[in-house]
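Numbering-wise (numbering that gives the first Met the number 0), the sequence shown opens with residue 0 and increments by one. Using N, Cα and C, we set each Cβ at its ideal position, and we do this for glycine too. It should be emphasised that the depicted structure is a prediction, and the values quoted were computed from it without experimental measurement. The structure under discussion appears below in the form of C-alpha cells.
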Amino acid sequence: MNGLVPAGGTPLLIGGKLVSGGAGVFATINPATEEVLGHAANASAADMDAAIGAARTAFDTTDWSRDHAFRAHCLRQLREAMRDHLDELREITIAEVGAPRMLTSGPQLEGPIADLGFAADLAENYDWDTDLGLGVTMGITSRRRIRREAVGVVGAITPWNFPHQINLAKLGPALAAGNTVVLKPAPDTPWCAAVLGQLITEHTDIPAGVVNIVTSDDHELGAQLVADPRVDMITFTGSTRTGRAVMAGAAATLKRTFLELGGKSAAIVLDDADIATACSYTAFSVTVHAGQGCALTTRLLVPRAAYDEAVAATAKTLGGIRAGDPEKSGTVCGPLISARQRDRVERYLDIARAEGGRIVAGGGRPAARERGFFIEPTLIADVPNTATVAQEEIFGPVLVIIPHDGDADAIRLANESPYGLSGSVWGSDPDRIDAVVAGVRTGTLSVNGGLWYAADAPFGGYKQSGFGREMGVAGFEEYLETKLVATPA
Ligand code: NAD
Numbered sequence: 000m001n002g003l004v005p006a007g008g009t010p011l012l013i014g015g016k017l018v019s020g021g022a023g024v025f026a027t028i029n030p031a032t033e034e035v036l037g038h039a040a041n042a043s044a045a046d047m048d049a050a051i052g053a054a055r056t057a058f059d060t061t062d063w064s065r066d067h068a069f070r071a072h073c074l075r076q077l078r079e080a081m082r083d084h085l086d087e088l089r090e091i092t093i094a095e096v097g098a099p100r101m102l103t104s105g106p107q108l109e110g111p112i113a114d115l116g117f118a119a120d121l122a123e124n125y126d127w128d129t130d131l132g133l134g135v136t137m138g139i140t141s142r143r144r145i146r147r148e149a150v151g152v153v154g155a156i157t158p159w160n161f162p163h164q165i166n167l168a169k170l171g172p173a174l175a176a177g178n179t180v181v182l183k184p185a186p187d188t189p190w191c192a193a194v195l196g197q198l199i200t201e202h203t204d205i206p207a208g209v210v211n212i213v214t215s216d217d218h219e220l221g222a223q224l225v226a227d228p229r230v231d232m233i234t235f236t237g238s239t240r241t242g243r244a245v246m247a248g249a250a251a252t253l254k255r256t257f258l259e260l261g262g263k264s265a266a267i268v269l270d271d272a273d274i275a276t277a278c279s280y281t282a283f284s285v286t287v288h289a290g291q292g293c294a295l296t297t298r299l300l301v302p303r304a305a306y307d308e309a310v311a312a313t314a315k316t317l318g319g320i321r322a323g324d325p326e327k328s329g330t331v332c333g334p335l336i337s338a339r340q341r342d343r344v345e346r347y348l349d350i351a352r353a354e355g356g357r358i359v360a361g362g363g364r365p366a367a368r369e370r371g372f373f374i375e376p377t378l379i380a381d382v383p384n385t386a387t388v389a390q391e392e393i394f395g396p397v398l399v400i401i402p403h404d405g406d407a408d409a410i411r412l413a414n415e416s417p418y419g420l421s422g423s424v425w426g427s428d429p430d431r432i433d434a435v436v437a438g439v440r441t442g443t444l445s446v447n448g449g450l451w452y453a454a455d456a457p458f459g460g461y462k463q464s465g466f467g468r469e470m471g472v473a474g475f476e477e478y479l480e481t482k483l484v485a486t487p488a
C-alpha cells in the first residue's frame, strides 16, 4: 500500500535491527471500511525481553546519555525523515487510525513531527549542570552543584487515538533527556509506531538499541515491560483502569511511573456568556476525531435559566455534523477505532436511555454507512451529573448537557468527577472567569475558546486523570534524574 509498509507487514525494531515477530503477524484494520489494511509483526515475550535487553545495553555501554549535541542532531534527523515521508505517513494515519485528513495537518501528524524540534532544542540548550552555591553543614563549607541525568531505560506504552502525537510526545523528550526507549504501541495502531523503525534505521544516526519498537496484539507485553527490573521508568498514556494496573505492576520494582489517563472534562458556560456560541463550539469539539480525545469537554454545564436555549443550540450543531469518510478533506467526525469501541459507546447510549436520559441528537449508527465503526454525534439531556454517562468516559462523539445554578454550583459540578484532565470556561466577566479557573481541579483549561495545545505547553491530569506532565519543559524533566554533588570549598 505504502513505501513505508513492506509487503509482509511492518517489522519490530530491536537492537537496531528490523526483525519479524516471534508470534507471527497480526492484522491492522481500517476503521472506516472494516477492511484488513495489512499486517504488523506480532512480538513474543522473548522479543520484548530482547528489546528491553537492547535498551539496557545501549544505555549502559554507549555515550548516548552524555552526548547532548548528538541527541539533538538525531532528533532533528528523525523530524526531517518524517517530513520527507509525510505523504506516506498521512495515508497510514488516515487509514489505520480513521483520523480525519484535516487533523493530520495538526495534532494527528504534522504538529507532533514539528514538536521533535522542541525536544532537540532542549537537548542542546538545557541547563544540565547548575551551581547551587556554597552551603555550610556542621561547620563544613561545600560547593554544591546539581547535575541532571537521564533516568535510564524508559518503557513507553501508548494508546491508539492520537498515536503519532503520543508516541512522539514520549519518544522526543525521553530521547532528548538521554534515555533509551522501548515503545509498545496499542494493538489497534501498530503501523503508526512501526514505520518509525524504518525511518530511524535508514535516516538517522540513532545508535542500535536506543529506540526499540515492539508491536503486539497482546496487552501482556505491556505488563511485561512494566514488571521488568531492567526498566527504570514507565511513561503510560491510556485508560485510568489500565493506569491502575501499570502503577500496581511497577510497585514491585518501585519504578517511576508517569501516567496520562482518562477524562470527563466540563465546559462551564456562565450566565454572562454568549450561550449559543459556547454551546455550538463545545458541540463541535466533541465531534473532532469522533470524540476519541481524552481532553475533550464531554460535559456541558449551562445556566438553568438558559437550559432549553442551550439544548437547542447544542443539538442544532451536533445534528448538522455527519460522521463521515476520514479521507475527505471536510470530515471532522470520522469512525471510532474498532467494533469493540463502537459497542462500548452504544452500551453507554443504552445506559443513558435506561437512566432516563433524552437523546436530543444522534443516538446511534448513521443509516447511510453500512460499513465502518461510525456513530452519529449525540446529545444526551435531562440526566444529573451523577448519572453513569456524566461520570464515565465514553470516548465517542457524545455530549451530556447539565444545568447549573450559578458559578459556585458549576465549579462543584465540574469537580464532581473522578477525573481532572481538562475543561473550559465561557463568560464575559474576567473576575468571575478567574474564580472558576481557580476553583476547577483540572490540568488544562480553555477560556472562551483559547487553545492550549503546543510543544511548550505542559499537559496532564489532576486526580484519576494521572500524574506528571507531557510536553513543555515539564514534560522533558519527567525523564530526568537529579544528582547533587558537594565538594569542600
Ligand atoms: P488502554 O488503557 O486500553 O491501552 C493503552 C495501552 O496500554 C495499550 O498499548 C495497551 O496494549 C496497553 N496495556 C493494556 N493493558 C496493560 C497492562 N496490564 N499493562 C501494561 N500495558 C497495558 O487505552 P486505549 O483504549 O488504548 O486508549 C484510550 C484511553 O486512553 C482513554 O481512556 C483515553 O482517555 C486515554 N488517553 C489519555 C490521554 C492523556 O493524555 N491523558 C491521551 C490519549 C488517550
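Cutoff 6 Å; reference K169; Cβ partners in own chain excluding five residues on either side: A155, T234
Please confirm whether E375 and P365 have their CB atoms less than 7 Å apart. yes
Could you pull the start and end residues of the beta strand (DSSP E) that A28 belongs to? It should be pointed out that residue 28 corresponds to Ile in this sequence rather than to Ala. Where I28 is concerned, the enclosing beta strand (DSSP E) stretches over 24 to 28.
Tell me whether the beta-carbon of I112 lies closer than 7 Å to the beta-carbon of R78. Cβ distance < 7 Å, so I112 and R78 count as in contact.
Got a sec? Which residues, its chain only, sit under 7 Å from G97 by beta carbon, not counting five neighbours each side? Same-chain partners within the cutoff: P30, A31, P325, G333, P334, I336.
Residue from G242, V344, D381, F373 with nearest C-alpha to A311: D381
For G426 versus K462, is the C-beta distance shorter than 7 Å? no
Grab the span of the alpha helix (DSSP H) containing M246 for me, first residue to last. 239 to 250
Tell me whether the region 207 to 224 and the region 191 to 198 touch, counting them as touching only if at least three CB pairs, one residue from each stretch, are closer than 8 Å. yes
Given that a residue counts as buried once 16 or more other Cβ atoms are within 10 Å of its Cβ, and exposed if not, what is L300? buried
My parser needs the beta strand (DSSP E) runs of 3 or more residues fully inside the region 69 to 156; what are they? 128 to 136, 139 to 149, 152 to 156
Does the region 58 to 70 touch the region 241 to 252, meaning 3 or more C-beta pairs lie closer than 8 Å? no
Please determine, among Y280, F257, E391, the residue with the shortest C-alpha to C-alpha distance to D344. Note that residue 344 is Val in the sequence shown, not Asp. It is E391.
What residue ranges within the region 195 to 283 form continuous beta strand (DSSP E) runs of no fewer than 3 residues, ordered along the chain? 210 to 212, 232 to 236, 255 to 259, 264 to 268
Between the CA atoms of L131 and N447 - distance to the nearest angstrom: One C-alpha to the other measures close to 42 Å.
Can you give the beta carbon distance from S421 to G262, rounded, assuming they're within the 8 Å contact cut? 6 Å
My output table needs one value for R368: the three-state DSSP class, helix, strand or coil. Per DSSP, reduced to three states, the secondary structure at R368 is coil, with no helix or strand assignment.
Helix, strand or coil for V18 per DSSP? strand
Straight-line Cα distance separating A40 from T103: 25 Å
Anticipated Cβ contact below 8 Å, T239 with A282, distance rounded: Contact doesn't hold; Cβ gap of about 25 Å is too wide.
Enclosing alpha helix (DSSP H) for V310 [first to last residue]: 306 to 318
Quick check on V4: buried or exposed, where buried means 16 or more other Cβ atoms within 10 Å of its Cβ? buried
Using the C-alpha atoms, what's the distance from T441 back to L88? Per the coordinates, the alpha-carbon of L88 lies some 33 Å from the alpha-carbon of T441.
What residues in its chain sit with their C-beta under 8 Å from that of H163, if we drop five residues either side in the sequence? Sequence-distant Cβ neighbours of H163 in its own chain, meaning closer than 8 Å and more than five residues away, are L88, T92, Q107, L108, P111, I112, C191.
How is V331 classed by DSSP in three states: helix, strand or coil? coil
For D204 and R73, believed in contact at Cβ under 8 Å, the rounded distance: The sequence shown places Cys at residue 73, not Arg. That pair is a contact at about 6 Å.
Heavy atom of the ligand NAD within 6 Å of C293 beta-carbon: yes
Tell me the rounded alpha-carbon separation between T56 and V152. 9 Å
When DSSP builds the beta bridges, which residues end up paired with G480? Note that residue 480 is Glu in the sequence shown here, rather than Gly. According to DSSP, E480 bridges with E148.
Where P302 sits in the DSSP three-state scheme: The DSSP-derived three-state label of P302 is strand.
In the structure shown, what three-state DSSP assignment does A193 receive? DSSP places A193 in the helix class (H, G or I) of the three-state scheme.
According to the Cβ coordinates, are F25 and D216 closer than 7 Å? yes
Fully enclosed by the region 345 to 412, which beta strand (DSSP E) runs are 3 residues long or longer? With a minimum length of 3 residues, the continuous beta strand (DSSP E) runs that stay inside the region 345 to 412 are 357 to 360, 377 to 380, 397 to 403.
Which residues in the same chain have their Cβ closer than 6 Å to the Cβ of L444, if we skip the five residues on either side of it in sequence? G422, V436
Taking only heavy atoms of the ligand NAD into account, decide whether any of them is closer than 6 Å to the Cβ of P158. yes
Are there any heavy atoms of the ligand NAD lying less than 6 Å away from the beta-carbon of E259, as far as the coordinates show? Yes; taking the cut-off as 6 Å, the Cβ of E259 has a heavy atom of the ligand NAD nearer than that.
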